Structures are given as structure tokens and as C-alpha cells.
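Engineer:
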Amino acid sequence: MEKSDPIEEARRYVANAEEVIKKAQYDPEMKRYTDGKYVKMAGNTLWNGCLIALDALFGINKRKGRPDIGKYKEAAGKRDKKLLAFVVDGYNTLHLSMGYDGSKQRKVCDAGFDVANAIIDRCAMLRPEPVCA
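Each residue of the sequence shown is one higher than the last, beginning at 0 in numbering that gives the first Met the number 0.
1) Go to R65, then tell me how far its alpha helix (DSSP H) extends in each direction, as first and last residue.
2) If you compare alpha carbons, which of D34, P5 and E8 is closest to V19?
3) For the alpha helix (DSSP H) holding G42, just list the boundary residues, first then last.
4) At what residues does the alpha helix (DSSP H) containing E17 begin and finish?
5) Can you look up D88 in the DSSP assignment and give me helix, strand or coil?
6) So for R148, helix, strand or coil by DSSP?
Now the structure itself:
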């Protein structure tokens, strides 16, 4: 069930990722998660939520095919330097470290959630308010 507001939909992805990461079973002594499968799932879910928020702001993924990260970087760089920094960090942490590599380090995963929320919040702030008729 997709919500009509993409920012709220992106936030729902973050909530879903929070539920997924709980399944990764945290080892407090090692300060690591024990199951990389759930870390990867959480990272991919967070990154997809960020893409929803970025698409709402820039409309990059409105056409067929997968957009290149370069298009998001270019659009963010033209619009807002802070958002550009968040996008670069988000891509590296969420997509690569968590989603692709499955990094089990707690600090990496915590940073991933932080940057996902930062991207979504920044997109919400920069997005123009809908015009009421």
C-alpha cells in the first residue's frame, strides 16, 4: 500500500528498516549484529526510502530505467550542498556498506539510520508546499 505523500512513504520505509534490523540479533559484547542478511535488507530498505524522498524533490525516477547515482548527486548539488553531502554519505553507508557489503558494525548501521533520516528530513524541508485550491 503506497501512500500519496512520498515523504511519509519514505518515513515508513525507515520504520520498516527498524523492524528488519531487530532480526539481525545484536551482540553487545562485540558491538556487532550477528546476521548480515538482515543488515543488508535494512540498508536496502533505507536506501529505497531515501530514493522515494529524493524522487519527490527532483523527479529523477519518473522515466523508465534505473537512474544513476550521478543524477541524484548532480540534482542535489544544484539545489542544496547539505543535501548533496547527505546523498553521498547515504549512498556510501546505506547502499554500499549496509546493503551491498552487509557491514555488521553497530556504528555503521546507526550512522545509516541517521543519514537516511537526514536525507528525508532535508527533502521534506526543500520540497515546495502543495498549493491548495
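Cβ coordinates follow ideal geometry from the N, Cα and C atoms, glycine included.
All values derive from a computational prediction rather than experimental measurement.
Structural biologist: This is what the structure gives:
1) Here R65 belongs to no alpha helix (DSSP H), and DSSP marks it neither H nor E.
2) D34
3) G35 to F57
4) P5 to K21
5) helix
6) In the structure as shown, the chain begins at 0 and stops at 132. Residue 148 is therefore absent and cannot be evaluated.
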